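Numbering (full-length UniProt numbering), first residue to last: 1 to 100.
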């Protein structure tokens with residue numbers, strides 16, 4: 001199965017801002033909650049408003065610990081198909097900024 005055969009979900013729960021240069025998503029995951037399988041078509045920044053212990057699982061089954069401290073910022077390249085799971089005991093809140 002290829003990436004194009006998969007039914008992918010949105011990057012976040014809600015777009016909170018968009019213009020011709022950026023798209024900003026709101027992401028909230030309660031402990032144990034999972035963001036559905038999705039793909040990032042643009043490079044992006046993740047700003048953790050309220051950090052949590054997360055796990056990224058790629059479409060091929062690779063698992064990567066993604067601890068995101070409150071106030072932390074990470075940059076990621078586009079293209080990966082993955083899902084994000086909050087495996088910690090705190091609510092995860094973030095803004096994800098896609099660079100168009």
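Using N, Cα and C, we set each Cβ at its ideal position, and we do this for glycine too. All of these numbers come straight from a predicted model, not from anything done at the bench.
- Counting every other CB atom within 10 Å of its CB across the protein chains shown gives residue 12 a total of 16 or more, marking it as buried.
- Runs of the alpha helix (DSSP H) spanning 4 or more residues and lying entirely within the stretch 16 to 56 do not occur at all.
- Taking a C-beta distance under 8 Å as the contact criterion, residue 90 and residue 31 qualify as a contact pair.
- The alpha-carbon of residue 41 is positioned some 11 Å away from that of residue 10.
- A contact between stretches requires three or more CB pairs, one per stretch, nearer than 8 Å, and the stretch 20 to 34 fails this requirement with the stretch 65 to 79.
- Under the three-state reduction of DSSP output, residue 93 falls in the strand class.
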